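S.K.: Sharing a structure, written as structure tokens. Questions coming.
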Amino acid sequence: MAWVISIAFAPSFLNSSKLLLHSIQLCSSIHVSSSTNTTTKTPASHSVVLQRRNLNFICRAEKEYKFPDPIPEFADSETDKFQAHMVNKLSKKDTFGDSIHEVIGICTQIFNTFLHTEYGGPGTLLVLPFIDMADTINEKGLPGGPQAARAAIKWAQAHVDNDWKQWTAN
1485 MAWVISIAFA
1495 PSFLNSSKLL
1505 LHSIQLCSSI
1515 HVSSSTNTTT
1525 KTPASHSVVL
1535 QRRNLNFICR
1545 AEKEYKFPDP
1555 IPEFADSETD
1565 KFQAHMVNKL
1575 SKKDTFGDSI
1585 HEVIGICTQI
1595 FNTFLHTEYG
1605 GPGTLLVLPF
1615 IDMADTINEK
1625 GLPGGPQAAR
1635 AAIKWAQAHV
1645 DNDWKQWTAN
């Protein structure tokens, strides 16, 4: 059942006692309105309309557009670039100590799995793999989970969609 509420009132230059109109209209053909001395037929200058939408409708794009399947060769290439970036970025920080290779391995494995199973081009880069990176690193008692995940997601946001576009343009 949809519903609409509209509230209308007079422009500020008119005396508010000359035109005051409140109406509530339910789409089930019930119309309730009340007004006071309406000596003028000036249309209202402000109105608010609220509508309730079908809650079963999730996303129009879901029904109209099918994202492409992941490309294994792209995933392998992108994983190599990602791993090189993580080694370069994280080795500059003292946060990881002797655990740096294990942290990079966890991030690389999760990122590789995501690219092979879920990434299908621009619009499909999710935050969940990066949350998984931080959680897995923390669960294993390794240092720097949030820092590693942040470095990973910053790189992915800057490169993955652009690299996909270049890869698929050929």
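Just so we're aligned, residue 1485 is where the sequence shown starts under the working numbering, counting upward by one. Heads up, the beta-carbon is just placed ideally off N, CA and C, and yes, glycines get one too. Since we're looking at a predicted model, the values are computed, not measured.
Which complete alpha helix (DSSP H) runs does the region 1547–1611 hold, if anything under 4 residues is left out?
M.R.: If we require 4 residues or more, the alpha helix (DSSP H) runs fully inside the region 1547–1611 come out as 1556–1574, 1584–1601.
S.K.: In whole angstroms, what is the alpha-carbon distance linking D1647 and G1581?
M.R.: So the alpha carbons of these two residues sit roughly 31 Å apart.
S.K.: Which of the three DSSP states, helix, strand or coil, is assigned to H1515?
M.R.: Model confidence at H1515 stands at a pLDDT of 39, short of 50, so the residue's coordinates are unreliable and nothing is read from them.
S.K.: Can you tell me the Cα-Cα spacing of I1584 and S1575, whole angstroms?
M.R.: Rounded to whole angstroms, I1584 to S1575 spans 7 Å at the Cα level.
S.K.: Put G1629 into one of helix, strand or coil per three-state DSSP.
M.R.: Three-state DSSP puts G1629 in a helix.
S.K.: Can you list, in chain order, the residues of its chain whose CB lies under 8 Å from that of E1586, leaving out five sequence neighbours each side?
M.R.: These residues qualify, in order along the chain: K1624, L1626.
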